[in-house]
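So the structure is just underneath, and the comments pick up after that.
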Amino acid sequence: MVTTDAPARSHTKAGRPAGAAASGVPAPTRRPPAARTGAAGTVLVNAALVVASAYFLLPIAWVLIAATKSPGDLSSTFGLWFSDSPQAWQNLVALFTQDDGAFSVWILNSILYSGVGALVATVISTAAGYAFAKYDFPAKEAVFWTILGGVLVPATVIALPLYFLLNSVGLTGSYWSVLLPCMVSPFGVFLARIHANASVPDEVIEAARIDGAGDLRIFASIATRMMTPAIVTIFLFQFVTIWNNYLLPLVMLSDPRRFPITLGLTLWNSQTQRDPSFTTLVVTGSAVSVVLLVVLMVSLQRFWKADLTAGATKG
Amino acid sequence: MSATAIAPSSRRRRPRTPAALWVLLLPFLVMFAAFFVAPIAFAVVDSMFSQQSSGLGLIAPTREFVFLDNYAAALSSPSFVASLGRLVAFSAIEVPFMVVSALALALLLGAAAARFPRAFRVTYFMPYGVPGVIAALLWGFLYIPATSPVLQLLGQVGIDVDPLSSDAVLFAIANIALWGFAGYNMLILIAALDAIPSELYEAARLDGAGEWRMIWHIKLPLIRPSIVLITLFTIIGTLQLFVEPLVLRPLTTAISSDYTPNLAAYNQAFAQGNPNLAAAMAVIVALLAFAFSALFLRIVNRKGNRAW
Chain Y
755 MVTTDAPARS
765 HTKAGRPAGA
775 AASGVPAPTR
785 RPPAARTGAA
795 GTVLVNAALV
805 VASAYFLLPI
815 AWVLIAATKS
825 PGDLSSTFGL
835 WFSDSPQAWQ
845 NLVALFTQDD
855 GAFSVWILNS
865 ILYSGVGALV
875 ATVISTAAGY
885 AFAKYDFPAK
895 EAVFWTILGG
905 VLVPATVIAL
915 PLYFLLNSVG
925 LTGSYWSVLL
935 PCMVSPFGVF
945 LARIHANASV
955 PDEVIEAARI
965 DGAGDLRIFA
975 SIATRMMTPA
985 IVTIFLFQFV
995 TIWNNYLLPL
1005 VMLSDPRRFP
1015 ITLGLTLWNS
1025 QTQRDPSFTT
1035 LVVTGSAVSV
1045 VLLVVLMVSL
1055 QRFWKADLTA
1065 GATKG
Chain U
17 MSATAIAPSS
27 RRRRPRTPAA
37 LWVLLLPFLV
47 MFAAFFVAPI
57 AFAVVDSMFS
67 QQSSGLGLIA
77 PTREFVFLDN
87 YAAALSSPSF
97 VASLGRLVAF
107 SAIEVPFMVV
117 SALALALLLG
127 AAAARFPRAF
137 RVTYFMPYGV
147 PGVIAALLWG
157 FLYIPATSPV
167 LQLLGQVGID
177 VDPLSSDAVL
187 FAIANIALWG
197 FAGYNMLILI
207 AALDAIPSEL
217 YEAARLDGAG
227 EWRMIWHIKL
237 PLIRPSIVLI
247 TLFTIIGTLQ
257 LFVEPLVLRP
267 LTTAISSDYT
277 PNLAAYNQAF
287 AQGNPNLAAA
297 MAVIVALLAF
307 AFSALFLRIV
317 NRKGNRAW
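If you're matching them up, the sequences are chains Y and U in order. Those letters in the first sequence? Residues 755 to 1069, by my numbering. Those letters in the second sequence? Residues 17 to 324, by my numbering.
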């Protein structure tokens, strides 16, 4: 039993406004019907939800407000309210002009690493997952479980030896040294296998074969279409993983022009002791990157099918 | 259990064109071998060698097989052993903290009384998109009285806390990880809760069960595999501890340069110039990750009710 096909599920939801699915709103939690909860219970539950929101929003609210302050006001005014002389524009100009516009380069690098890395990772792990689901070959299960074991290996254990390995072939310091390792997603193969099993019926493959379609064509034009929700999830998962990655670029890169945002901001952060104006740069840079990612997360949330991840456990 | 879903479909497969199979499979296998298997193998081999630089550095350093000497050196270093202990302590704080929070959020959002569950859900999930480094930078500001509105407010009512003191810093780090990942784990649990057939609730309600009994007797047992999954991922996540202490280090004296095994390994490799010892340290962390995962799965699979 695997929960799949989230879009189909959302149609079955009773009493849901028709436009909700299209407007980017995530499917509501299915609740026990006709529940009776006392007024005290209602207040308690919602109070807890509000307190939790305050917790999750606190650092985001703080950084958005702090990004409008001068270095002096940052520590001399109350953190959750604006100072009398906001200078958001000035901070943004400083952010994007510091070190010849290094910050824009870091954003572009992050997009490059995450976008290209996640795209290739998605293609190759979907193909591999589909192959595991739909073909038999020697030692299949052993190979699959070895790959799955890769999920358990801490990333830090890979990054250090990988540096020495790539150093011996002269790749360290290049875009490739970060991009190539990011193209491997064992978890993606796992998800793809489970969802190829669940959502690509063997009958469809047989029928396409009888019609004379080659195996690769069946995969590329039929199976991938049926696996779309899983493919999107694999892409997003890998995109965020690469975007959030720090150790790998830290180990591999030395030229700031190739840094992703995470590494760039810590580079500036390391200079705050010497020059306090870097604090404002770090704060404003953090605010901009938080806004970027939060916009991305919220707008993509409806594609983020956590039930695909959860379904994996029920296989 | 995942094998049951996979088995029936793999039975009837007769590859007509093995060529297609290799086109599908090889790109991943090659990449996996190059960027997963090779580094691990390299680390294992490297951890058993030692660089001997002789004389005044006039002669090129020689490589010498020392078998387990690097492991012995790592495990007899008090600071490395301390960092391992710290990591286990961190795991012991973070894992229950994370799982209980994610579970509480998922159950609260699933409660019939919850208003605006979608808006709350997005809010809790948002921090997942904030890189760990930036999360650590932000919380760093919130941990210093000069810039933290929370500490200032607490100070005004006479409560002075220092999250970065040596007693509290592990919790301060755990909080950063919780903030970043609780929402994601919550989503996984919500998806599992959504998959519970509503007839079960109706039947339970007819039998007179209240919300608590439904949580205890229906929801928790049925989402157990997902709880196991997020616990496992959290265990592995905690063993990677690296970024948060690295970022918080300039703010406090409570964090040393080899605060966690990963920091120690990083230092050995790049500051101390001892990649062999670093490799041994990395392998020890990997073994710890496997041991913890295996131990955890063993415990949850006791009593014959296999979760995975």
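From the three backbone atoms N, C-alpha and C, an ideal C-beta is built for every residue, glycine too. All figures in this text were calculated on a predicted structure; none of them were measured in a lab.
- Nearest in C-alpha terms to MET142/U, of all of GLY855/Y, ALA806/Y and GLY966/Y, is ALA806/Y.
- Within the same chain, and ignoring the five residues on either side of PRO940/Y in sequence, the residues whose Cβ sits closer than 7 Å to its Cβ are ILE901, LEU902, GLY904 and VAL905.
- Residues of the stretch 916-938 of chain Y that bring their beta carbon within less than 8 Å of a beta carbon in chain U comprise LEU916, TYR917, PHE918, LEU919, LEU934, PRO935, MET937 and VAL938, in sequence order.
- Taken in chain order, the members of the stretch 791-809 of chain Y whose beta-carbon sits within less than 7 Å of a beta-carbon on chain U are THR791, GLY795, THR796, VAL799, ASN800, ALA802, LEU803, ALA806 and SER807.
- Per the C-alpha coordinates, the member of LEU203/U, ALA57/U, MET114/U and ALA120/U positioned closest to LEU798/Y is ALA120/U.
- Legend: CB atoms of the stretch 889-907 of chain Y lying less than 9 Å from CB atoms of chain U belong to residues TYR889, ASP890, PHE891, LYS894, GLU895, VAL897, PHE898, THR900, ILE901, GLY903, GLY904, VAL905, LEU906 and VAL907.
- For LEU1035/Y, same chain residues with a beta-carbon under 7 Å away, outside a window of 5 residues either side, are ALA848, LEU849, GLN852 and TRP1022 in chain order.
- Counting only residues of its own chain and dropping the five nearest sequence neighbours on each side, VAL166/U has a CB closer than 8 Å to the CB of LEU158.
- Using a Cβ-Cβ cut-off of 7 Å, PHE81/U is close to nothing in chain Y; its nearest Cβ partner there is about 17 Å away.
- Proximity to MET937/Y across ILE948/Y, THR880/Y, GLY927/Y and ALA1041/Y peaks at THR880/Y, based on C-alpha coordinates.
- ILE206/U is a Cβ neighbour of GLY126/U, given a cutoff of 8 Å.
- Here DSSP, grouped into helix, strand and coil, assigns THR78/U to strand.
- In the structure shown, the three-state DSSP call for PHE65/U is strand.
- For a Cβ distance threshold of 7 Å, residue set PRO43, PHE44 and MET47 of chain U lies close to ILE878/Y, ordered along the chain.
- Excluding residues up to 5 positions away in sequence, nothing lies with its Cβ nearer than 6 Å to the Cβ of GLN1027/Y in the same chain.
- Taking the C-beta atoms as reference points, THR1016/Y is found nearer than 8 Å to VAL149/U.
- Counting along the chain, PHE891/Y sits inside no alpha helix (DSSP H), nor does DSSP assign it H or E at all.
- The C-beta of ALA151/U has 16 or more other C-beta atoms within 10 Å across all chains shown, which makes the residue buried.
- For PRO840/Y, the closest Cβ of chain U is not nearer than 8 Å.
- With a cutoff of 8 Å on beta-carbon distance, PRO915/Y and ASP178/U are scored as not near each other.
- The three-state reading of DSSP puts PHE258/U in coil, since its state is none of H, G, I, E or B.
- Contact between ALA193/U and GLU80/U is absent: CB atoms are separated by about 40 Å, not below the 8 Å threshold.
- Within the stretch 135-164 of chain U, those residues whose Cβ lies closer than 8 Å to any Cβ of chain Y are, in chain order, PHE136, ARG137, VAL138, THR139, TYR140, PHE141, MET142, PRO143, TYR144, GLY145, VAL146, PRO147, GLY148, VAL149, ILE150, ALA151, LEU153, LEU154, TRP155, PHE157, LEU158, ALA162, THR163 and SER164.
- Taking CB atoms only, LEU828/Y has a neighbour in chain U less than 8 Å away.
- Exclusion of the five residues before and after ILE189/U leaves GLU260 as the residues of its chain whose Cβ lies within less than 6 Å of its Cβ.
- With its beta carbon less than 8 Å from one in chain U, PRO813/Y belongs to the interface.
- DSSP, read as helix, strand or coil, puts LEU264/U in helix.
- Taking a cut-off of 8 Å for Cβ pairs, the stretch 1039-1047 of chain Y and the stretch 814-831 of chain Y touch, as three or more such pairs fall below it.
- Per the coordinates, the alpha-carbon of VAL897/Y lies some 35 Å from the alpha-carbon of PHE113/U.
- Residues of the stretch 832-860 of chain Y with a C-beta atom less than 7 Å from some C-beta of chain U are PHE832, GLY833 and LEU834, listed in chain order.
- In this structure, DSSP gives LEU834/Y a state outside helix and strand, which the three-state scheme calls coil.
- Secondary structure in the stretch 150-210 of chain U: the alpha helix (DSSP H) runs of 4 residues or longer, each lying completely within the stretch, are 165-172 and 185-210 in chain order.
- Exposed is the label assigned to TRP930/Y, since fewer than 16 other Cβ atoms lie within 10 Å of its Cβ.
- If you check each beta-carbon in the stretch 963-984 of chain Y against every beta-carbon of chain U, the ones closer than 8 Å belong to ARG963, GLY968, ASP969, LEU970 and PHE973.
- In this structure, DSSP gives TYR917/Y a helical state, which the three-state scheme calls helix.
- Residue range 94-126 is occupied by the alpha helix (DSSP H) that includes SER95/U.
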